[in-house]
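In the numbering used here, the protein residues as written are 800 to 952.
Backbone N, C-alpha and C define an ideal beta-carbon position, used for all residues, glycine too.
These notes are about the structure you will find just below.
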Amino acid sequence: MPIRRLLEFPDQNRVNYEIKKHPPAFTAQAIASLAHIPGGEMVKTVMVKVEGKMAMAVLPAANMVDFEMLRDTVGCDDVQMARESEFRDMFPDCELGAMPPFGNLYGLGVYVAEKLTGHKMIAFNACSQTEVLIMQYADFERLVKPKMIKFAL
């Protein structure tokens, strides 16, 4: 079961969460609708390359990555969206496009949009196109220790 590795992490750190199943969906906003999750709680993970190094950009589902703002904030010119072929094999326990925003489980840095820091709860893909994990944002921040920066439109 692909989700096992993901769930071991919050379990070992005594973090409460909820798993919700939903019909197959492939966009964060469709998932929120099908899983009956408030749209503001749903987040998406966008794979980016910063100076050739893979990283995760985590932001509200309704927002988009502003690459110019991301470049300015991280202080380098070489920032771009990663191609699927560049990260497909990095998440062997996840369905393609359903990787959770726990970059630390995969040796990746994580950037979180400043807009998320005020959220009480967040929901995200749980390694599959049919399951969502819901947890308190504060717990996510404590577990992942992301860099909070401004990059979401």
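- With respect to the 8 Å criterion, ILE948 and VAL873 are classified as neighbours on the basis of their beta carbons.
- Per DSSP, LEU915 lies in no alpha helix (DSSP H) and is assigned neither H nor E.
- In its chain, beyond the 5 residues on either side, ILE830, LEU833, ALA834, THR929, VAL931 have a beta carbon closer than 7 Å to the beta carbon of HIS821.
- Counting along the chain, no beta strand (DSSP E) covers PRO945, and no H or E run does either.
- In the structure shown, ILE836 adopts coil according to DSSP, grouped into three states.
- Cβ-Cβ separation between PRO899 and ASN924: approximately 6 Å, consistent with a contact (criterion under 8 Å).
- The Cβ atoms of HIS918 and GLU817 lie no closer than 8 Å to each other.
- Between PHE950 and ALA860, the alpha-carbon positions lie close to 13 Å from each other.
- Under the DSSP assignment, LEU806 falls in the alpha helix (DSSP H) whose first and last residues are 802-811.
- In the structure shown, VAL931 falls within a strand segment according to DSSP collapsed to helix, strand and coil.
- By the Cβ-count criterion, LYS944 is exposed, with fewer than 16 other Cβ atoms from all chains shown falling within 10 Å of its own Cβ.
- Sequence-distant partners of PHE808 (beyond 5 residues in either direction) whose C-beta falls short of 7 Å from its own C-beta, in its chain, are PHE901, LEU904, LEU942.
- Annotation: the continuous beta strand (DSSP E) that includes THR844 extends over 842-849.
- In the DSSP assignment, the residues bridged to LEU858 are LYS843.
- Listed in chain order, the alpha helix (DSSP H) elements of length 4 or more contained wholly in the region 863-899 are 866-873, 883-886.
- For LYS919, no beta strand (DSSP E) segment is defined, and its DSSP state is neither H nor E.
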